[in-house]
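Everything on this sheet refers to the single structure shown next.
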Amino acid sequence: MEPVKTRRERYVASTRAALLDTGRRFFAERGFADVSAEELVRAAGLTRGALYHHFAGKQGLFEAVFEDLEARAADRISTAMTAATDDAWGRASAGIRAFLDICSDPEYREIVLLQGPLALGWRRWRELDQRHLGTLLTDGLSALLGESGRHQVGLASAAFYGALTELALSIADADDPEQAREQAVQLIGGMLNGIR
Numbered sequence: 109m110e111p112v113k114t115r116r117e118r119y120v121a122s123t124r125a126a127l128l129d130t131g132r133r134f135f136a137e138r139g140f141a142d143v144s145a146e147e148l149v150r151a152a153g154l155t156r157g158a159l160y161h162h163f164a165g166k167q168g169l170f171e172a173v174f175e176d177l178e179a180r181a182a183d184r185i186s187t188a189m190t191a192a193t194d195d196a197w198g199r200a201s202a203g204i205r206a207f208l209d210i211c212s213d214p215e216y217r218e219i220v221l222l223q224g225p226l227a228l229g230w231r232r233w234r235e236l237d238q239r240h241l242g243t244l245l246t247d248g249l250s251a252l253l254g255e256s257g258r259h260q261v262g263l264a265s266a267a268f269y270g271a272l273t274e275l276a277l278s279i280a281d282a283d284d285p286e287q288a289r290e291q292a293v294q295l296i297g298g299m300l301n302g303i304r
């Protein structure tokens, strides 16, 4: 049985959730640079002190929103891969489809793919992204390549992640996103076959 939270613990959790929800909405709609800390706390119905207590400012809130989206994405991809066939190729295909679906979500695309490198800086963005999604990609490629391709996994992961990210952005701008998504899955499948 889970322990009962005190009123203070519930208040702390609701304050944090309000800031995360407000941050997610504002960062997705307007971008990191065009939102002030004052606007965020006003919209959340809180004080600047609450923001600085929980996140050490707007930058910290953005990073927490980013990490939340990435953790959810990793869970969705992992679930899709686990539910797929026992075959490594089937799991890879399910993971690719799940990733492209996630990238078609406007909040994810704006916050993680577009605003993330700008707001966090490229190195921090890459570090956080690798923490959440890099392991899934590396593990998937390791399973596909087997022992003979172990030396290629690092570079292959970077190449495929770059290709997947660019494809996701292209799908979002396509006239027929569903058709573009299917073409992207086939293209990545062909690339995977090429390194086998």
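Position one of the sequence shown corresponds to residue 109 (the working numbering), numbered consecutively onward. Positions of the beta carbon are idealized from the N, C-alpha and C atoms, including for glycine.
Where His240 and Glu175 are concerned, what is the direct C-alpha to C-alpha distance, given to the nearest angstrom? Indexing the sequence shown from 1 puts residue 240 at position 132. Indexing the sequence shown from 1 puts residue 175 at position 67. Those two C-alpha atoms are separated by around 8 angstroms.
Cβ pair Leu252, Ala182 closer than 8 angstroms: On the sequence shown, position 144 is the one that residue 252 refers to. On the sequence shown, position 74 is the one that residue 182 refers to. Their beta carbons are not under 8 angstroms apart, which means Leu252 does not touch Ala182 by this criterion.
Have a look at Phe140, Met299 and Val120 and flag the residue whose alpha-carbon is nearest the alpha-carbon of Leu228. What you label residue 228 is simply residue 120 of the sequence shown in a count that begins at 1. Closest option to Leu228, Cα to Cα, is Phe140.
Opening and closing residue of the alpha helix (DSSP H) in which Thr193 lies: On the sequence shown, residue 193 is found 85 positions in, with the first residue counted as 1. Where Thr193 is concerned, there is no enclosing alpha helix (DSSP H), given that its DSSP letter is neither H nor E.
Is Tyr119 buried or exposed, if buried means 16 or more other CB atoms sit within 10 Å of its CB? Here the question's residue 119 lines up with position 11 in the sequence shown. So Tyr119 ends up on the exposed side.
From what residue to what residue does the alpha helix (DSSP H) around Ala288 run? Taking the sequence shown and counting its residues from 1, the one referred to as residue 288 is at position 180. Taken as a continuous stretch (DSSP letters only), the alpha helix (DSSP H) holding Ala288 covers Pro285 to Ile303.
Of the residues Glu171, His162 and Ala158, the one placed nearest Phe135, counting alpha carbons only: On the sequence shown, position 27 is the one that residue 135 refers to. It is Glu171.
Can the beta-carbon of Arg199 be found less than 8 angstroms from the beta-carbon of Gly248? Looking up residue 199 in the sequence shown gives position 91. Looking up residue 248 in the sequence shown gives position 140. Yes.
Does the separation of the CB atoms of Gly168 and Ala126 fall below 8 angstroms? Indexing the sequence shown from 1 puts residue 168 at position 60. Indexing the sequence shown from 1 puts residue 126 at position 18. The Cβ atoms of Gly168 and Ala126 lie no closer than 8 angstroms to each other.
Contact the region 208-223 vs the region 289-301: 3+ CB pairs below 8 angstroms: yes
Inspect the beta-carbon positions of Glu178 and Leu236 and report whether they are closer than 8 angstroms. If you number the sequence shown from 1, residue 178 lands on position 70. If you number the sequence shown from 1, residue 236 lands on position 128. Yes; because the gap between Cβ atoms is below 8 angstroms, this pair is in contact.
Along the chain, where does the alpha helix (DSSP H) containing Ser265 start, and where does it finish? Start at 1 with the first residue of the sequence shown, and residue 265 comes out as number 157. Its alpha helix (DSSP H) spans residues Val261 to Asp281.
Which of helix, strand or coil does DSSP assign to Asp142? Taking the sequence shown and counting its residues from 1, one reaches residue 142 at position 34. Reduced to three states, the DSSP call for Asp142 is coil.
Can you name the start and end residues of the alpha helix (DSSP H) that Ser212 belongs to? The residue labelled residue 212 in the question sits at position 104 within the sequence shown. Careful: Ser212 lies outside any alpha helix (DSSP H) and carries neither H nor E.
Mind checking whether Leu145 and Leu128 have CB atoms under 8 angstroms apart? By 1-based counting over the sequence shown, the position of residue 145 is 37. By 1-based counting over the sequence shown, the position of residue 128 is 20. Contrary to the premise, residue 145 reads as Ala rather than Leu in this sequence. No, the Cβ-Cβ distance between Ala145 and Leu128 is not below 8 angstroms.
If Leu221 sits next to Leu277, beta carbons under 8 angstroms apart, how far is it from one beta carbon to the other, in whole angstroms? On the sequence shown, residue 221 is found 113 positions in, with the first residue counted as 1. On the sequence shown, residue 277 is found 169 positions in, with the first residue counted as 1. Yes, Leu221 and Leu277 are in contact; Cβ-Cβ is about 6 angstroms, under 8 angstroms.
What's the C-alpha gap between Ala192 and Lys113? Locating residue 192 in the sequence shown gives position 84, counting from the first residue. Locating residue 113 in the sequence shown gives position 5, counting from the first residue. Between Ala192 and Lys113, the C-alpha separation is close to 38 angstroms.
With a cut-off of 8 angstroms on the beta carbons, I'd call Tyr269 and Leu245 a contact; round off their distance for me. Along the sequence shown, read from residue 1 onward, the residue named residue 269 stands at position 161. Along the sequence shown, read from residue 1 onward, the residue named residue 245 stands at position 137. Yes, they are in contact, since the Cβ atoms of Tyr269 and Leu245 sit about 6 angstroms apart, within 8 angstroms.
Is Gly203 buried or exposed, if buried means 16 or more other CB atoms sit within 10 Å of its CB? Along the sequence shown, one-based indexing puts residue 203 at 95. Buried.
According to DSSP, simplified to helix, strand and coil, what is Lys113? Your numbering for residue 113 matches position 5 in the sequence shown. Look at Lys113 here: in three-state DSSP terms it is coil, with no helix or strand label.
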